[in-house]
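Taking it in order: structure first as structure tokens, then the write-up.
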Amino acid sequence: MTKVKLNVLFKKMQKDDKKEVLMFHVLSDELPHADDLLKMPGTIVYLSVEKSEVEPIGAEFVSIQRDSKKTVLKFNVKGDTKDKINKLYPFAGENVSITLEPSQMSIDEFYEE
1 MTKVKLNVLF KKMQKDDKKE VLMFHVLSDE LPHADDLLKM PGTIVYLSVE KSEVEPIGAE
61 FVSIQRDSKK TVLKFNVKGD TKDKINKLYP FAGENVSITL EPSQMSIDEF YEE
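Residue numbers are given in full-length UniProt numbering: position 96 of the sequence shown equals residue 96, and the series is strictly consecutive.
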């Protein structure tokens, strides 16, 4: 799988006990890179937000949901990356470009780190 770059609406950041949930909306009828994206849920990816100066963050790609108006991409990020996540906060609610790069890490390895 290759890197996937998407223009998205950074819809939501939500804090949980042990993780942060990041939600992005692809606002178009067509989903760019659909074939690659549909293989990613249930895996670990490196997520980066263009213009944020935050190095790529390891995240669990939880789900991808489509309806007639949008595609929702949901990610879980471990709570110990709080410093990086806080730097993304100013981008929430804005249109951003994100890059997703597949990781070789398993979900178990990700949460054990």
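Every residue gets a Cβ at the ideal spot worked out from N, C-alpha and C, and that includes glycine.
- For the pair of segments examined, the region 79-92 was found not to touch the region 26-41: the number of CB pairs separated by less than 8 angstroms stays below three.
- Glu-60 counts as buried, since at least 16 other C-beta atoms from the protein chains shown sit within 10 angstroms of its C-beta.
- Along the length of the region 36-107, whole beta strand (DSSP E) runs at least 3 residues long occupy 43-49, 57-66, 71-78 and 95-102, reported in chain order.
- With respect to the C-alpha of Leu-47, the residue from Ile-107, Leu-6 and Glu-30 having the closest C-alpha is Leu-6.
- In the structure shown, Glu-20 adopts extended strand secondary structure according to DSSP, grouped into three states.
- The C-beta separation of Phe-91 from Ser-28 comes to about 19 angstroms, leaving the pair out of contact by the 8 angstroms criterion.
- Residue range 4-15 is occupied by the beta strand (DSSP E) that includes Leu-9.
- Ser-68 has its alpha-carbon roughly 27 angstroms from the corresponding atom of Ile-44.
- The beta carbon of Val-8 is closer than 8 angstroms to those of Phe-24, His-25, Val-26, Leu-27, Leu-73, Asn-95, Val-96, Ser-97 and Ile-98 in its chain, skipping five residues each way along the sequence.
- The C-beta of Lys-19 has 16 or more other C-beta atoms within 10 Å across all chains shown, which makes the residue buried.
- With 16 or more other CB atoms across the displayed protein chains lying within 10 angstroms of its CB, Leu-88 is buried.
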